[in-house]
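Colleague:
Numbering (our numbering), first residue to last: 3 to 329.
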């Protein structure tokens, strides 16, 4: 004897709802529904991402000042040859590498340490979290104006603070080519360490406390639990933050431009600032487009290699988990 499933009753009419079975049988939304929701975002992506990249790649093979319609003076690879011979561009790459290395060796460990500290329970923990996150809320332009006042010669807070300590050093914080990049890195650390701290803190809170309780029962010390539990399970968060830091360093523009304008004598110039100056101040749109393609290639190559050799294990774990949930 087979039991028939009683029809679902509509809460509005009190009659059997014949559409319920058809909704269950349909399973997934149709192609028309998917297209309706995907089309607007896809159009915006094509209009503001794909088309500008393709246009920049096309213009990079021309000498063009941006005026007079479409470019017509084809120069082939001349813009790219000039790019690899440009001392400013090579200096930009060196400064990019310096910011990346300092971020990995200084900024991220500070953020990680503060996240581990703020994970502990103590009075005022929430207030400290908010206080450390506030600099990230400020825009890059506001941050740059603020630190221009801080490092203003003689009247700025930095020189006044040193003078109160009896040090009359008149340091050219924003005019000395030997220290300008370290000053900029200090400002970047002040602004972004709170953001990284929040990400580290979220990763730490996702680790079950039962693991530490089991380790404590087994006699593990705090250092052993940190080395054997915290660091391995924080690996995906650390790898993602490293990726965001490197990509953000490649795109660094507004804070440095408002703070120093790339000076003195290109000493603080970044790839994005050089591209802006060549394209919008010197009207060398073809050369600026070649530089933009170089930035795109640097970011793309790094992203592909990083995903292939660093994030591959995390992505495989996500795919495996998703596949397991479907079975």
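Even for Gly, the Cβ is constructed at its ideal location relative to N, Cα and C. Please read all numbers here as calculations on a predicted model, not as lab measurements.
1) Take residue 316 and list the residues in its own chain whose beta-carbon comes closer than 6 Å to its own, dropping the five residues that flank it on each side.
2) Which residues does DSSP list as the beta-bridge partners of residue 76?
3) Taking residue 204 as the reference, which of 212, 182, 226, 242 has the closest Cα?
4) So, residue 251 versus residue 101, is the Cβ gap smaller than 8 Å?
5) Can you give the Cα-Cα distance for residue 286 and residue 68, rounded to whole angstroms?
6) If you reduce the DSSP assignment to three classes, tell me which class residue 25 lands in.
7) Based on Cα-Cα distance, which residue from 290, 296, 262, 240 lies nearest to residue 110?
8) Could you check the C-alpha separation between residue 195 and residue 107 for me, to the nearest Å?
9) Beta-carbon within less than 6 Å of residue 176's beta-carbon, same chain only, minus the 5 sequence neighbours each way: which residues are those?
10) Could you pull out every residue in the same chain whose Cβ sits closer than 6 Å to the Cβ of residue 209, ignoring the five residues on either side in sequence?
11) Measure the C-alpha to C-alpha separation of residue 49 and residue 131 and round it to an integer number of angstroms.
12) Per the contact definition of three or more C-beta pairs closer than 8 Å, is the stretch 278-295 in contact with the stretch 49-68?
13) Report yes if the CB atom of residue 197 is closer than 8 Å to the CB atom of residue 138, and no otherwise.
14) What is the C-beta distance between residue 271 and residue 93, in whole angstroms, given that I count them as a contact (C-beta under 8 Å)?
15) Thinking residue 269 and residue 182 are a contact (beta carbons under 8 Å), I'd like their distance in whole angstroms, please.
16) Which same chain residues, not among the five before or five after residue 211, have their C-beta less than 7 Å away from its C-beta?
17) Which of helix, strand or coil does DSSP assign to residue 141?
18) Enumerate, from N- to C-terminal direction, the unbroken alpha helix (DSSP H) stretches of 4 or more residues contained entirely within the stretch 183-229.
19) Using three-state DSSP, classify residue 96 as helix, strand or coil.
20) Are residue 206 and residue 146 close, meaning C-beta to C-beta below 8 Å?
21) With DSSP collapsed to three states, give me the class of residue 168.
22) The alpha helix (DSSP H) spanning residue 241 covers which residue range?
23) By Cβ distance below 7 Å, which residues in the same chain neighbour residue 227 in space, the five residues on each side in sequence not counted?
24) Going straight from the alpha carbon of residue 85 to that of residue 265, what length do you get?
25) Return the CA-CA distance between residue 305 and residue 247, expressed in angstroms with no decimal places.
26) Do you know offhand how far residue 45's Cα is from residue 33's?
27) Do residue 256 and residue 142 have their C-beta atoms closer together than 8 Å?
28) If we ignore side chains and look at the alpha-carbon of each, how far apart do residue 309 and residue 95 end up?
29) If you measure between the beta carbons of residue 149 and residue 189, is that distance less than 8 Å?
30) Go ahead and pull the three-state DSSP assignment for residue 271.
Modeller: Taking the definition as stated:
1) Excluding sequence neighbours, residue 316 sits near 238.
2) For residue 76, which the question treats as bridged, DSSP gives the partners 64.
3) Closest by C-alpha distance to residue 204, out of 212, 182, 226, 242, is 242.
4) Yes; because the gap between Cβ atoms is below 8 Å, this pair is in contact.
5) Near 8 Å, if we compare the C-alpha coordinates of residue 68 and residue 286.
6) Per-residue confidence for residue 25 stands at a pLDDT of 48, beneath the threshold of 50, marking its modelled position as unreliable; no derived number is given.
7) Nearest of 290, 296, 262, 240 to residue 110, Cα basis: 240.
8) For residue 195 and residue 107, the gap between their C-alpha atoms comes out near 13 Å.
9) Cβ neighbours of residue 176 beyond the five flanking positions: 153, 262.
10) Non-local beta-carbon contacts of residue 209 in its own chain, meaning distances under 6 Å to residues more than five positions away in sequence, involve 235 in chain order.
11) Rounded to whole angstroms, residue 49 to residue 131 spans 39 Å at the Cα level.
12) They touch, by the three-pair rule.
13) Their beta carbons are under 8 Å apart, which means residue 197 touches residue 138 by this criterion.
14) Confirmed, Cβ separation roughly 7 Å.
15) Confirmed, about 5 Å.
16) Here the set comprises nothing.
17) Coil, per DSSP.
18) When DSSP assignments are scanned along the stretch 183-229, the uninterrupted stretches of alpha helix (DSSP H) that are 4 or more residues long and fall wholly within it turn out to be 211-219, 224-227.
19) Residue state, collapsed to three classes: helix.
20) No, the pair does not count as a contact, with Cβ atoms beyond the cut-off.
21) Reduced to three states, the DSSP call for residue 168 is coil.
22) Residue 241 -> alpha helix (DSSP H) spans 237-252.
23) Only residues of its own chain outside the window of five on either side were considered, and among them 214, 217 have a CB closer than 7 Å to the CB of residue 227, listed in chain order.
24) About 20 Å.
25) Looking at the backbone, the Cα of residue 305 and that of residue 247 are separated by about 12 Å.
26) So the two alpha carbons sit approximately 17 Å from each other.
27) It is a contact, given that the beta carbons lie within the stated cut-off.
28) Those two C-alpha atoms are separated by around 22 Å.
29) Result yes, Cβ atoms of residue 149 and residue 189 sit closer than 8 Å.
30) It is coil, neither helix nor strand.
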